[in-house]
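*Asks:*
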Amino acid sequence: MQDFESVGLVDDFELGQGKAVVFDGRMVAVFRTTDGWYAIDDLCPHMGASLAEGYLDGDSVSCPWHAWRFCIKDGRWEDNPQTKVDCFEVKIEGNEVLVRENKIES
Ligand code: FES
13 MQDFESVGLV DDFELGQGKA VVFDGRMVAV FRTTDGWYAI DDLCPHMGAS LAEGYLDGDS
73 VSCPWHAWRF CIKDGRWEDN PQTKVDCFEV KIEGNEVLVR ENKIES
């Protein structure tokens, strides 16, 4: 299994917002919520908007361009759960935010 990689410091991430980071050569959207930390592929599969820039409502982020909604916990597209974007595991160590890929089977 892939190792965790640091993607920044806790204070770099605003509560209730997404932030796009580079992880393993790609863009990943990391979300800091009152419920925990989550990360999914930043690239919307529709037309490529940044999901980190979307509107976060509970476990769901709406794409900023055409409002497709994705679950930030498992990457599922809420309107068609057969489709999903990649999902990542996040852990906090000290003040460091660490990410690794987390393939959840449908
Ligand atoms: S680019 Fe995300 S819904 Fe269209």
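Counting from 13, one number per residue, gives the positions in the sequence shown under our numbering. Just so you know, even glycine gets a beta-carbon here, dropped at the ideal spot from N, CA and C. Model, not experiment: these values are computed from the prediction.
#1: Just tell me which of Val102, Arg112, Ala61 and Asp69 has its CA closest to the CA of Gln29.
#2: Classify Leu63: buried if its beta carbon has 16 or more other beta carbons within 10 angstroms, exposed otherwise.
#3: Are the CB atoms of Arg44 and Val19 within a distance shorter than 9 Å?
#4: Kindly provide the ranges of any beta strand (DSSP E) runs that are 3 or more residues long and lie completely inside the stretch 66-118, ordered along the chain.
#5: Identify, in the order they occur along the chain, each residue of the same chain with its Cβ nearer than 7 Å to the Cβ of Asp71, setting aside the five sequence neighbours on each side.
#6: How big is the Cα-Cα spacing for Ala61 and Gly106?
#7: From the DSSP output, read off the bridge partner residues of Met39.
#8: In chain order, what residues of the same chain have a beta carbon less than 8 Å from the beta carbon of Ile104, not counting five sequence neighbours either side?
#9: Starting from Leu21 and walking both ways along the beta strand (DSSP E), at which residues does that stretch end?
#10: Closest by CA to Glu17, which one among Phe35, Asp24 and Lys31?
*Replies:* Per the coordinate set shown:
#1: Of Val102, Arg112, Ala61 and Asp69, the residue nearest in Cα terms is Asp69.
#2: It is buried - the Cβ of Leu63 has at least 16 other Cβ atoms within 10 Å.
#3: No, the pair does not count as a contact, with Cβ atoms beyond the cut-off.
#4: Here the runs fully enclosed are 67-69, 72-74, 81-83, 99-105 and 108-113.
#5: Counting only Cβ-Cβ distances below 7 Å, and skipping sequence neighbours, we find Cys83, Ile84 and Lys85.
#6: One C-alpha to the other measures close to 32 Å.
#7: According to DSSP, which records beta bridges pairwise, Met39 is partnered with Val34.
#8: Closer than 8 Å at the Cβ level, and outside the excluded window around Ile104, lie Val22, Trp49 and Leu110.
#9: That run of the beta strand (DSSP E) goes Glu17 to Leu21.
#10: The option with the nearest alpha carbon to Glu17 is Phe35.
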